[in-house]
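For reference, the structure discussed in these notes is given below.
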Amino acid sequence: MPSVDLHEIYHALLNHFRHRNWWPGDTPLEVIVGAILTQNTAWKNVEKAIRRLKEAGVLSIKGLRTIPREQLAELIRPSGYYNQKALKIKAFLAFLQREYRGNLTRMFREDTRVLREKLLQVKGIGPETADSILLYAGGHLTFVVDLYTYRVATRHGWVPEDIDYESLREFFQDRIRPDVELYNDFHAQLVAVGNQYCRKTPCCEECPLKPFLPPENIGWP
DNA sequence: GACCAGGCACATC
DNA sequence: GATGTGCATGGT
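Here this note's numbering runs 1 ahead of the position in the first sequence, where the first position is 1.
Okay, here's the thing in structure tokens:
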């Protein structure tokens, strides 16, 4: 892997995009539900679904546990894959009840690596969702890798295109000061800049959207 | 009307 | 182990 100064890049991004209000959520539970609902889905659609859950008064541990799956599916319909996601939310709540007596505070007291492994056992929770839950809902130190993280890192030649999730996560964690706030905002910055890149993988020839990192192509070979 | 979006599980080879 | 497919709505 090439040597990259990610702190320098972070500050360049921060200077350009300013602090991102990333992953707004009133409660840890709302963040967790959002993490499931946003799987391969635009955040705008997730916002609608969350609003409907709130309006129905079921965005609570008890509410989500007691609502019938069919009704839950109907409420989260705007976020897409609603039948699958209703099952996933139900699976998480069953897990929370079984392992932590339905208590999120108790769950997040768990050791990061132990909890990560346990979350990955829950049907519907893959590595990105697990890391989002850990970092954004629980304040645990784990870097979240997503489509944008991948797009930025590959487009700049920092990592090979066939890199897997874990290796990409390690790439960032090995190069960033271990700080939850930094992990949080760094990811947000990568999404901000990644949004301006060409969607194709690899980027098409003569692409008008050449990779850049403000202010002046930092990191571009 | 394509194409895309803050993935994941499962089938098949 | 790699590759393919279903899941589904809403914005551009």
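Glycine included, each C-beta is placed from N, C-alpha and C at the ideal position.
| Query | Result |
| --- | --- |
| CA-to-CA distance, Leu191 to His17, given in whole angstroms | 12 Å |
| Residue range of the unbroken alpha helix (DSSP H) whose run includes Phe96 | 83-101 |
| Pairwise C-alpha distance: Glu162 and Cys205 | 14 Å |
| Ala43 classed as buried or exposed, judged by whether at least 16 other C-beta atoms fall within 10 angstroms | exposed |
| Host alpha helix (DSSP H) of Asn16 (start-end) | 7-18 |
| Candidates Arg110, Arg156, Glu9: closest to Lys201 by CA position | Arg156 |
| Cutoff 7 Å; reference Ala74; Cβ partners in own chain excluding five residues on either side | Tyr83, Asn84, Ala87 |
| Val34 (DSSP reduced to helix, strand or coil) | helix |
| Beta-carbon proximity list for Ala193, same chain, < 8 Å, skipping 5 on both sides | Leu14, Phe18, Arg21 |
| As assigned by DSSP and simplified to three states, the class of Arg21 | coil |
| Proximity below 9 Å, CB of Leu120 to CB of Ile62 | no |
| Start and end residues, alpha helix (DSSP H) containing Gln40 | Careful: Gln40 lies outside any alpha helix (DSSP H) and carries neither H nor E. |
| Residue nearest to Phe93 in terms of C-alpha spacing, selected from Val59, Ala131, Ser80 | Ala131 |
| Through-space distance from Glu111 to Arg102, alpha-carbon basis | 13 Å |
| Host alpha helix (DSSP H) of Thr143 (start-end) | Note, Thr143: premise wrong, no alpha helix (DSSP H); not H, not E. |
| N- and C-terminal bounds of the alpha helix (DSSP H) containing Gln174 | 166-174 |
| Length-filtered (3 minimum) beta strand (DSSP E) runs lying within the region 55-84 | none |
| Best match in Val153, Val145, Val123 for proximity to Val181 [C-alpha to C-alpha] | Val145 |
| Three-state class that DSSP yields for Asn185 in the structure shown | helix |
| Alpha carbon of Lys124 to alpha carbon of Pro212, nearest angstrom | 36 Å |
| Straight-line gap, Arg152 to Asp165 (C-alpha atoms, nearest Å) | 13 Å |
| Secondary structure of Gln190, DSSP reduced to three states | helix |
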